[in-house]
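Numbering (this note's numbering), first residue to last: 118 to 338. The C-beta atom is built at its ideal place from N, Cα and C for all residues, glycine as well. Read through the structure below, which is laid out as structure tokens, and then see the notes.
See the structure below:
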């Protein structure tokens, strides 16, 4: 391929020992593209016939399907879209942040298979979301499997490390109410009332309305 005399090739601008440069040379791109390609094949939808309420001319029959679905191979290269998906997950970026930073990063462009630096966004941010939706769970698992095997092959991780997975859930949200004093007092009031009923003790006042009102007021402070 003839070089562009007005632009430098990305491989001449980067450090080939950079982790992304090494990963770009080790990932089985062709295998990954072939693995997710079925998710983008045109699919024929079966003909479906339905009958609406009859009008003056008689029954109304509607026919749908029978054409290729909207799924199709993206206009952008599969290598680029796969690379964008991996970069997004690796650096925890929004689609908008991803395309903006991609236009500024020579290593990311080399990782995506670019030969020359391009200061323009690689695509519209919405295209990444559509690609990810079409890719689906099966496609994402295919990419994850390929990256794991590559990590093992280059010695980044050992197979023994996959025998046990430790998940830190300390920052995950849990549906546990915070034990504030007002809530604990309201729970105690309800339990006292319930215990009195079980024992046949009649209470002149249960303070049910007052308890709820006071709890809401305490929550506002």
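Identified DSSP bridge partners for residue i
i           : result
residue 126 : 233
Close Cβ partners of residue i (< 7 angstroms) along its chain, the five nearest in sequence each way excluded
i           : result
residue 146 : 196
residue 253 : 156
residue 328 : 303 and 306
residue 240 : 193 and 216
residue 131 : 138, 223, 224 and 227
residue 141 : 227 and 228
residue 332 : 299, 300 and 303
Close beta carbons around residue i, own chain, < 6 angstroms, minus the five adjacent residues each side
i           : result
residue 323 : 310
residue 118 : Low local confidence applies: a pLDDT of 49 at residue 118 is under 50, so the model's placement there is unreliable, with the coordinate-based value given in what follows. Excluding residues within five positions, none has a Cβ falling inside 6 angstroms.
residue 320 : 313
residue 230 : 196
residue 318 : none
residue 238 : 216 and 220
Contact belief for residue i with residue j at Cβ below 8 angstroms, rounded distance in angstroms
i           : j           : result
residue 200 : residue 228 : 5 angstroms
residue 153 : residue 260 : 7 angstroms
residue 210 : residue 264 : Rounded, the Cβ-Cβ distance is 17 angstroms, inconsistent with contact.
residue 235 : residue 226 : 6 angstroms
Close beta carbons around residue i, own chain, < 8 angstroms, minus the five adjacent residues each side
i           : result
residue 139 : 133 and 271
residue 135 : 224
residue 124 : 233 and 234
Residue-level contact to chain C via CB, residue i, 8 angstroms cutoff
i           : result
residue 307 : Reference to chain C is not applicable here, since this structure consists of a single protein chain.
> For the segment 241-253 against the segment 208-224, are there 3 or more C-beta pairs whose distance is under 8 angstroms?
Replying inline: yes
> Three or more C-beta pairs closer than 8 angstroms, one from the segment 298-313 and one from the segment 264-274: is that the case here?
Replying inline: no
> What alpha helix (DSSP H) runs, 4 residues minimum, are completely inside the segment 186-222?
Replying inline: 195-208 and 212-219
> Which ranges would you report for the alpha helix (DSSP H) in the segment 222-280 if only whole runs of at least 4 residues count?
Replying inline: 223-228 and 242-270
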